[in-house]
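A.B. asks: Note that this note's numbering has the sequence shown beginning at 108, numbered continuously upward. Input: one structure, supplied below.
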Amino acid sequence: MAKMLKITMVKSLIASKEVHRVNMEALGLRKLNQTTVKPDNEAIRGMIHKVQHLVKVEEFETEGE
Numbered sequence: 108m109a110k111m112l113k114i115t116m117v118k119s120l121i122a123s124k125e126v127h128r129v130n131m132e133a134l135g136l137r138k139l140n141q142t143t144v145k146p147d148n149e150a151i152r153g154m155i156h157k158v159q160h161l162v163k164v165e166e167f168e169t170e171g172e
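If you want it as structure tokens, here you go:
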């Protein structure tokens with residue numbers, strides 16, 4: 108079972124810092140209410156920490172090998 112993160116953009120990037128914009132694009136989020144699924148690892152957690160005021164994060168586990 109692999110842990111995954113469901114990341115949803117809940118606030119706009121208007122008037123946000125360039126670092127936040129770059130992190131959101133790297134997470135695959137470009138539009139409001141858009142959702143992506145990423146693996147739960149330290150790199151993704153660090154990116155989420157930078158933009159925690161702009162996103163909603165849900166943890167879940169996938170069944171796999």
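Even glycine gets a Cβ: it sits at the ideal position worked out from N, Cα and C. Here the structure is a predicted model, which is why all the values come from computation and not from measurement.
Take T143 and list the residues in its own chain whose beta-carbon comes closer than 7 Å to its own, dropping the five residues that flank it on each side.
C.D. replies: As a first step, residue 143 must be located in the sequence shown, where it is residue number 36. Excluding residues within five positions, the ones whose Cβ falls inside 7 Å are I114, L134, G135 and L136.
A.B. asks: Put I155 into one of helix, strand or coil per three-state DSSP.
C.D. replies: Counted from its first residue, the sequence shown places residue 155 at position 48. Looking at I155 - three-state DSSP - the assignment turns out to be helix.
A.B. asks: If we call anything under 8 Å between Cβ atoms a contact, is L112 one with V164?
C.D. replies: The residue labelled residue 112 in the question sits at position 5 within the sequence shown. The residue labelled residue 164 in the question sits at position 57 within the sequence shown. Yes, the Cβ-Cβ distance between L112 and V164 is below 8 Å.
A.B. asks: Rounded to whole angstroms, what's the CA-CA distance from S123 to N148? Just pull it up for me.
C.D. replies: Indexing the sequence shown from 1 puts residue 123 at position 16. Indexing the sequence shown from 1 puts residue 148 at position 41. Using only the alpha carbons, I get a separation of about 25 Å.
A.B. asks: Using the Cα positions of H127 and K157, report the straight-line distance between them to the nearest angstrom.
C.D. replies: Residue 127 sits at position 20 when you count from the first residue of the sequence shown. Residue 157 sits at position 50 when you count from the first residue of the sequence shown. Answer to the nearest angstrom: the Cα atoms are 7 Å apart.
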